[in-house]
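Visitor: My questions all concern the structure below.
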Amino acid sequence: MMQQFFQLKEKHPDAIILFRCGDFYETYADDAKEASEILGITLTKRSNGASGLSANTLMAGFPHHALDTYLPKLIRAGKRVAICDQLEDPKLAKKLVKRGITEVVTPGVLINDNVLVRKENNFLAAVYPDKGSCGIALLDISTGEFLTSQGTLDYIEKLLTNFMPKEVLIKHGTNPFLSHSSATMSKLYFYSPEDWMFNEETARTKLKTHFGTKSLKGFGINHLSNGIVAAGAILFYIEHTQHTHISHIRTISRIEENGYVHIDYFTLRSLELIESMNDGGKSLLSVIDKTLTPMGGRLLRRWLVFPLLNTDKIKARQHVVEFFFRYPDFRSFISEQFGQIGDIERIASKIATGKVSPRDYIQLKTSLQAITCIASATINPQSSVQESDNTAPEVNFSSTLDAELHNLGQRLASLLADGLSDLCNRIESEIVPDPPYLINKGGVILKGVNTELDELRQMAYSGKDYLLQMQQREINQTGIQSLKIGFNNVYGYYMEVRNTFKDKVPSEWIRKQTLVTAERYITQELKEYEEKILGAEERILNLETQIFNNLTSFATQFIPLLQSVSALIAELDCLHSFAQTAIEYKYVCPVVDDSTIIDIHQGRHPVIERQMPLGEQYISNDVYLDTDTQQIIIITGPNMAGKSALLRQTALITILAQIGSFVPAESARIGMVDKIFTRVGATDNISLGESTFMVEMTESASIINNLSHRSLVLFDELGRGTSTYDGISIAWAIIEYMHENPQYHPRTLFATHYHELNEMERKFQRIRNYNVSVHETDGKILFLRKLIPGGSEHSFGIHVAKIAGMLPSVVKRSEEILHQLENETLNNSSSIKVADGVNSELSQSSTLNTQQLSFFQLDDPVLCQIRDELIHLDVNNLTPLEALNKLNEIKKIIKGGRG
């Protein structure tokens, strides 16, 4: 047996082997040590030379029926698990029971409900860089979704960030992300399978064989050579991990790079679209996700990171959201039906892989019944509902507001008519309403489905009455009043007679067991009944399994229809979620067009406003940007005044608009944005030798190198990671570049504490100054958080330090130093020249002090005292003795200052 284990371990050295041994899954050696730590099970040692176990061999195991409990823990810990099962019945094995690996479970290859997250995809990715381009493929085996694309390394990293696969396959020695600065890449689990899996010729053959086609042109991916290699590697890997039942993977789709808004990994992270950067914080997804089905939840995540670039598609989504908004009765009815729908997409995958349970079928039946109701309601939605008192936004929709819903309803009805109704009826007629989770528990098939099954059940489950009749008959015949008929797993059925009645036992009874106070016997009749009953129970289980498997074979043909229905329900669920969010949070429908105008009236941050303390309201603001008159807004103002929130809310409102959602504002017009870039926050990547400023410049360079005319750019505190003059120079140059670029005029919000940048409004026609206002009274600051025209001259950083709890002595000293520096800067100010293509000077009132401020002036009060002594010293009237005495005093000051 141990030879079997070591042979399997040699084939799967990087996996924990769960070795089936009787009623347990055992782990050995290093596997046992890892498993015991992760699972919290007992680690033991066993010595048996004949079995191949040394005295120091470690063991740890758990009951085989607890696999669904322990396996998820190993996978969540990032382990690969090879499940070794017994391949023959131990009762029939003449020698050692045959064993083999039946499945290799990895983080990216999962169908187990206990591990999968309900509203998240579980993607397995493969990446193949070659000849200056990089291919990628993504497969969620739990849903059957298969995608591929090809492009630059930055584009592939963007896709990895957006999809966040649980496992990434990459050829040995070709990982282009090992030294990359993205924090996201460090979270991914990379695995290198055998190199032969990454080959274009074999990959093409594998894909064509799987899909049963002569070419890949029909999928629109024939020209993506590297993407094809990545997709082929995934199929080879799935086969290598023993997942051979994959008929639910019916197609492969190309990710259209030009069909969606470009959101890079810096922006995705800083805008907190999917995940918050802070523990306990909220993301945009967590705020707007009102989906009621798992498929809808997964699709909403996708929509958020892939906003649309097509105004017609956006408006089509808006029409459905608008209808849900206007008609609460209809919305309530659809919501009730959504609550009955299970994860159809994953149930379809379990049917294909043979892992479907009886309860999955009941959930599928209930789901299809609810979808039938939804289809009927959406085919003619306006006929049965009345418009509510809710005043919908003033939007010029077409007269056929319900056309999109009607179309969805017809498509659902068509799919149901193609056979899904038949599947639903068969499930209802064959599976009991409340079955056990596992088929081997019995009691799954309804009465009347199979005549033989009904007869066997009658025999097996009415046996108690038969035994009572037998017991009473034997009591009457023998006169043994205490006679009882019983059963146990060792001796089967028996008749128990107390010792006081032994003399009345008939001679033909066969003694089977002796107890202290009684004897147990068996008769020929009882033996025959036992064989019949035990045989019936086994036959019942076999018949139920056969009927259940026939149902699964029947259901397999409907997998494509189930996947199509699932996709439609997911889309409808997302749009229903948008309407629910709009009603709860008072969102409005934006106008999305092909202009370059962003005009937001009284916009709000969708996440921050949901986290405001009770009784407080979020202060809304107007933002206007275009490419002709107000391309760049420089926003100044105090710390904590709300500059960063204003930048982010503009981007979030834009994203919400372009996924078809309503937005948090009084009104909004969003001219199509094709790329969103952000440069916010202060982070570093010290592990790769990158300082805060280096990360800042890397992100800024990425923006500058990828601009387009329809880009939306958000800069927050650019240049703060270096010296004041370096920072101002870089910030000025970047703003100037975006303004003077002959090809692109990206709409830009630039928040800064560099008040000197306000001078740019005078020099550049499409730059405007705004500030976030405050009210200062009696040395106290009230943040008004309103954006108003004009620049600001103060940051009030010391005030922020004070309310943060800084020591009063430190705050006071900071104020003294600030006052001193402002006076010296005023006294020593001089103009500088800024390169802008022509020599020009900043005005006297906004010049920068070009003299290097002394370190001692800033920090050393002793030297400040010496300086004051020297300044007030009348050198011309000093005698030599007085000069020596003064020098001695200064010496004492220095010694005293140094302690």
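Positions 235 to 1133 (the working numbering) are the ones given, in order, by the sequence shown. Glycine residues also receive a C-beta, built at the ideal position from the N, C-alpha and C atoms. These numbers come from a predicted model, not from an experiment.
1) Roughly how many angstroms lie between the CA atoms of residue 872 and residue 563, to the nearest whole one?
2) When you compare only the Cα positions, how much space is there between residue 404 and residue 793?
3) Quick check on the DSSP output: the alpha helix (DSSP H) that includes residue 641 runs from which residue to which?
4) Closer than 7 angstroms by C-beta to residue 301: which residues in its own chain qualify, once you throw out the five before and the five after it? Chain order, please.
5) Please confirm whether residue 714 and residue 746 have their CB atoms less than 8 angstroms apart.
6) Using a Cβ-Cβ cutoff of less than 7 angstroms, which residues in the same chain neighbour residue 989 once the five nearest sequence positions on both sides are dropped?
7) With distances taken between CB atoms, is the gap from residue 968 to residue 991 smaller than 8 angstroms?
8) Assuming contact is defined by CB atoms lying nearer than 8 angstroms, are residue 642 and residue 557 in contact in what I supplied?
9) Helix, strand or coil for residue 1064 per DSSP?
10) Can you name, in chain order, every residue of its own chain whose Cβ lies under 6 angstroms from the Cβ of residue 839, other than the five neighbours on each side?
11) Helix, strand or coil: which one does DSSP assign to residue 855?
12) Roughly how many whole angstroms lie between the Cα atoms of residue 782 and residue 355?
13) Hey, how far is the Cα of residue 266 from the Cα of residue 331?
14) Considering only C-alpha positions, which residue in the set 576, 568, 597 is nearest to residue 1138?
15) Residue ranges of each beta strand (DSSP E) run of no fewer than 3 residues wholly in the stretch 681-766, ordered along the chain?
16) Secondary structure at residue 279, three-state DSSP: helix, strand or coil?
17) Give me the Cα-Cα distance between residue 184 and residue 512, rounded to the nearest whole angstrom.
18) Check whether the Cβ atoms of residue 599 and residue 509 sit closer than 8 angstroms, and answer yes or no.
19) So, under 8 angstroms CB-CB, residue 501 and residue 910 are touching, yes? Tell me the CB distance rounded to an integer number of Å.
20) What is the residue span of the beta strand (DSSP E) that residue 317 lies within?
21) Quick check on residue 945: does DSSP put it in helix, strand or coil?
22) Check whether the Cβ atoms of residue 551 and residue 809 sit closer than 8 angstroms, and answer yes or no.
23) In the DSSP assignment, what are the bridge partners of residue 384?
24) Checking 8 angstroms against the spacing of the C-beta atoms, do residue 1136 and residue 760 come in under that value?
25) Mind checking who residue 870 pairs with in its DSSP beta bridge?
26) Taking the alpha-carbon positions, what's the residue 933 to residue 538 distance?
27) Return the residue from the list 478, 814, 754, 241 that minimises the CA-CA distance to residue 523.
28) Could you check the C-alpha separation between residue 659 and residue 507 for me, to the nearest Å?
29) So for residue 987, helix, strand or coil by DSSP?
30) Using CA atoms only, rank isn't needed, just tell me which of 944, 805, 435, 396 is closest to residue 862.
31) Output needed for residue 671: all residues of its chain with C-beta closer than 8 angstroms, excluding positions within five of it in sequence on either side, in chain order.
32) At the level of alpha carbons, what is the spacing between residue 756 and residue 744?
33) Taking residue 780 as the reference, which of 395, 410, 676, 464 has the closest Cα?
34) For residue 426 and residue 584, I'd like the C-alpha separation in whole angstroms.
35) Cα separation between residue 860 and residue 823?
36) Leaving out the 5 sequence neighbours to the left and right, which residues in its chain are closer than 6 angstroms to residue 294 when beta-carbon positions are compared?
Guide: Looking at the atomic coordinates:
1) Each residue's Cα considered, the two are about 48 angstroms apart.
2) For residue 404 and residue 793, the distance between alpha carbons rounds to 31 angstroms.
3) Here the alpha helix (DSSP H) through residue 641 covers 637-649.
4) Excluding sequence neighbours, residue 301 sits near 259.
5) No.
6) Excluding positions up to five away in sequence, the list reads 870, 1025, 1026, 1027.
7) Result no, Cβ atoms of residue 968 and residue 991 do not sit closer than 8 angstroms.
8) Their beta carbons are not under 8 angstroms apart, which means residue 642 does not touch residue 557 by this criterion.
9) Since pLDDT at residue 1064 reaches only 44, below the 50 mark, its modelled position is unreliable, and no value is offered.
10) Cβ within range, chain order: 879, 883.
11) If DSSP states are grouped into helix, strand and coil, residue 855 belongs with the strands.
12) Those two C-alpha atoms are separated by around 29 angstroms.
13) So the two alpha carbons sit approximately 22 angstroms from each other.
14) Outside the shown range of the chain (235 to 1133) lies residue 1138, about which nothing can therefore be said.
15) The stretch 681-766 contains these whole beta strand (DSSP E) runs: 718-722, 726-732, 744-748, 752-756.
16) In the structure shown, residue 279 sits in a strand (DSSP, three-state: E or B).
17) The question about residue 184 has no answer, for the chain in this structure spans 235 to 1133.
18) Not closer than 8 angstroms, so no.
19) Confirmed, about 6 angstroms.
20) Per DSSP, residue 317 belongs to the beta strand (DSSP E) from 315-320.
21) For residue 945, the three-state secondary structure derived from DSSP is strand.
22) Result yes, Cβ atoms of residue 551 and residue 809 sit closer than 8 angstroms.
23) The bridge partners DSSP lists for residue 384 are 369.
24) Because the chain here runs from 235 to 1133, residue 1136 falls outside it and cannot be looked at.
25) Residue 870 pairs with 1005.
26) Roughly 22 angstroms between the two C-alpha positions.
27) Put simply, of 478, 814, 754, 241 the residue whose alpha carbon is nearest the alpha carbon of residue 523 is 814.
28) Cα to Cα, the separation comes out at about 42 angstroms.
29) Assigned with DSSP and collapsed to three states, residue 987 falls in coil, not helix or strand.
30) Nearest C-alpha to residue 862 among 944, 805, 435, 396: 944.
31) Taken in chain order, the residues that qualify are 591, 592, 593.
32) So the alpha carbons of these two residues sit roughly 5 angstroms apart.
33) For the residues 395, 410, 676, 464, the minimum Cα distance to residue 780 belongs to 676.
34) Note on geometry: alpha-carbon atoms of residue 426 and residue 584 lie some 27 angstroms from one another.
35) Linking residue 860 to residue 823 through their CA atoms gives a straight-line distance of about 20 angstroms.
36) 261, 266, 269, 270, 275, 277.
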